[in-house]
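As you go down the protein sequences, you meet chains A and Y in turn. For the first sequence, position 35 (counting from the first letter as 1) is numbered 35 according to our numbering, and the numbering increases by one without interruption. Going from the second sequence to our numbering is simple: count from 1 and add 140. A virtual CB, placed ideally from N, CA and C, is assigned to each residue, including glycine. All remarks here apply to the structure that follows.
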Amino acid sequence: MRELRLPEAVAEDMVAHCLEGRPNEACGIIASSDGEVVKVFRMTNADASPVRYSLDTREQFAAYEKLDQERWDLAGVFHSHTRTDAFPSPTDVREAREDVPYIIVSLAQDPATIRAFRIVKENWTDAEGDIQEIPVVVEG
Amino acid sequence: MAVEVRIPTVFRKYTDGRSTVELESGTIGDLVTQLEGRYPGMREQLLTPEGQLHRFVNVYVNDEDARYLDKLDTKVSDGDTVSLLPSVAGG
Numbered sequence: 001m002r003e004l005r006l007p008e009a010v011a012e013d014m015v016a017h018c019l020e021g022r023p024n025e026a027c028g029i030i031a032s033s034d035g036e037v038v039k040v041f042r043m044t045n046a047d048a049s050p051v052r053y054s055l056d057t058r059e060q061f062a063a064y065e066k067l068d069q070e071r072w073d074l075a076g077v078f079h080s081h082t083r084t085d086a087f088p089s090p091t092d093v094r095e096a097r098e099d100v101p102y103i104i105v106s107l108a109q110d111p112a113t114i115r116a117f118r119i120v121k122e123n124w125t126d127a128e129g130d131i132q133e134i135p136v137v138v139e140g
Numbered sequence: 141m142a143v144e145v146r147i148p149t150v151f152r153k154y155t156d157g158r159s160t161v162e163l164e165s166g167t168i169g170d171l172v173t174q175l176e177g178r179y180p181g182m183r184e185q186l187l188t189p190e191g192q193l194h195r196f197v198n199v200y201v202n203d204e205d206a207r208y209l210d211k212l213d214t215k216v217s218d219g220d221t222v223s224l225l226p227s228v229a230g231g
């Protein structure tokens, strides 16, 4: 993937969810249809923590069911960094399991910054992975 | 009628890109064995060397989390849908 194109409304929805989640990290997924990002699924951070997140698995299950019904694809996973840059933390790398862009919304500055990365692992259970940035293009 | 198993993107390189696989009814453990028979390497993706579900995998039978049922011994019948979900987490 050369770049991740996000409609402005999608970017705004992700940032709004992250701002509402403060002081904890917020998270969710985005879905695409024929390569176009069409939907943000806001999810509960099951860890309810300012330094950790995990998708609530029941909400994740329901969202994946919706993807299946609508024939959408999982286009990315997003979460916030409330006080640090939009770059994968060691925990992000260790815990990365999905083979899709991991989008990080940093709230450390105003306005928020959005960057996306692929965490490439030989095996999905590996703790180590290579970080590859995917340029994010917000389309107004 | 069979059991439909939904495969997340992370495992599709093992399933020739298939997002769903139809298997015979049994327990979830039986399904893992069938998956391994059809797609070698899948067992290692789903189970620890001790034979337990990886903590990174959530298994839903219809809309119930198998961790709160009988885990690998959970019975799955014809017509049921089994969804494999990778845990999504970080910091």
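- Annotation: residue 210 (chain Y) to residue 165 (chain Y) spans about 15 Å, alpha carbon to alpha carbon.
- In the DSSP assignment, residue 169 (chain Y) falls within the unbroken alpha helix (DSSP H) covering 168-178.
- DSSP places residue 132 (chain A) in the uninterrupted beta strand (DSSP E) bounded by 130-134.
- Residue 117 (chain A): member of the beta strand (DSSP E) spanning 113-120, first to last residue.
- Spatial neighbours of residue 138 (chain A) in its own chain (CB-CB distance under 6 Å, excluding positions within 5 residues in sequence) are listed in chain order as 6, 8, 11.
- Here DSSP, grouped into helix, strand and coil, assigns residue 10 (chain A) to helix.
- Burial of residue 96 (chain A) is indicated by the presence of at least 16 other C-beta atoms within 10 angstroms of its C-beta.
- Residues 76, 78, 116 of the same chain have their beta carbon placed closer than 6 Å to that of residue 103 (chain A), with the five preceding and five following residues left out of the count.
- Any Cβ of chain Y closer than 7 Å to the Cβ of residue 52 (chain A) would place that residue at the interface, and such an atom is present.
- Within the segment 65-99 of chain A, the complete beta strand (DSSP E) runs of at least 3 residues fall at 73-81.
- At a cut-off of 7 Å between beta-carbon atoms, residue 80 (chain A) makes no contact with chain Y.
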